[in-house]
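Following the numbering used here, the numbering of the sequence shown begins with 1464 at its first residue and continues without gaps. All C-beta atoms in this analysis are idealised placements derived from N, C-alpha and C, irrespective of residue type, glycine included. First the structure, in the form of structure tokens, and then the observations on it.
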Amino acid sequence: LEEAWLRNRLLPRDSEMSTVGRELIDARGGWSRSARHLVDPKSGHPYLKMNNITRRGNWDLSSVAHVVAGPADLAKYQVTPGDILFNSKNSGDLIGKTAVAGPEVEGATFNENIMRLRFRSHVIPAFAGLWFLGPHMRRAIRAAASASTNVAAVYRHHLVQMPMWVPDAERQRHLAREFAEL
């Protein structure tokens, strides 16, 4: 049902097309923390990894790592509501998983395989998340993904060139509500 909705409802008009790069105000790659950096949840900050983002754009918080993060680390890598977290490195079929940050992940930090995207104010985060799930963006992600033996990656210089539909704010809100009600 969701796949059909995305195919049939995300139908951009040429006059409303832009690029991801034109709409971005910030894009930051994540923080590299290894197993030796992990700490007890009581003494650390949540550290979101690839497994925390589902294929359907939701959060799976059943297993969240925690790391020590100082003020400088948090200034760079902390997640705020409305951020788009884009899985920029993964296997070929999982590359590009994307979720919108809400209160459930506020204050978390994020892994180096994830890119945090912040868009201009006229781009509604819930709509941006839908666009990344939709067929136009999925095709662009697959076409841009460079792959080695086991890992595919979408780099910032390719991501900023990808198409992004930006209808007026009311249309964005309407489509986001409609999808949420499915």
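For residue j and residue i, the rounded distance between their alpha carbons
{"i": "Leu1473", "j": "Ala1498", "result": "40 Å"}
{"i": "Pro1534", "j": "Val1527", "result": "21 Å"}
{"i": "His1508", "j": "Leu1501", "result": "10 Å"}
{"i": "Asn1471", "j": "Arg1640", "result": "15 Å"}
{"i": "His1637", "j": "Lys1505", "result": "40 Å"}
{"i": "Lys1552", "j": "Gly1520", "result": "16 Å"}
{"i": "Met1480", "j": "Glu1644", "result": "26 Å"}
{"i": "Leu1511", "j": "Gly1597", "result": "23 Å"}
{"i": "His1599", "j": "Glu1633", "result": "21 Å"}
{"i": "Val1623", "j": "Asp1523", "result": "27 Å"}
{"i": "Met1513", "j": "Asn1576", "result": "7 Å"}
{"i": "Tyr1618", "j": "Asp1503", "result": "32 Å"}
{"i": "Ala1606", "j": "Gly1559", "result": "11 Å"}
{"i": "Val1629", "j": "Asp1477", "result": "10 Å"}
Element boundaries [alpha helix (DSSP H), containing residue i]
{"i": "Leu1645", "result": "That residue, Leu1645, is in no alpha helix (DSSP H); it is neither H nor E in DSSP."}
Beta-bridge partners of residue i, as assigned by DSSP
{"i": "His1620", "result": "DSSP, once it has assigned bridges, lists no residue as partnering His1620."}
{"i": "Pro1509", "result": "His1529"}
{"i": "Met1627", "result": "Ser1481"}
Nearest-angstrom beta carbon gap, residue j and residue i [assumed within contact, 8 Å]
{"i": "Val1568", "j": "Val1542", "result": "5 Å"}
{"i": "Arg1491", "j": "Met1578", "result": "7 Å"}
{"i": "Phe1582", "j": "Glu1486", "result": "5 Å"}
{"i": "Phe1590", "j": "Thr1561", "result": "Not quite, the Cβ-Cβ distance comes to about 12 Å (not below 8 Å), so this is no contact."}
{"i": "Pro1544", "j": "Ala1571", "result": "About 11 Å; that fails the 8 Å criterion."}
Heavy atom of the ligand FAD within 7 Å of residue i beta-carbon
{"i": "Ala1643", "result": "With respect to the ligand FAD, the structure shown offers nothing to examine, as it has no ligands at all."}
For a minimum of 3 consecutive residues, which ranges assigned as the beta strand (DSSP E) are wholly contained in the region 1467-1504?
Those beta strand (DSSP E) runs which fall completely within the region 1467-1504 and span 3+ residues are 1480-1482, 1487-1492.
Going residue by residue through the region 1539-1611, where are the continuous alpha helix (DSSP H) segments of at least 4 residues, counting only ones entirely within it?
Fully enclosed alpha helix (DSSP H) runs of 4 or longer: 1588-1596, 1598-1607.
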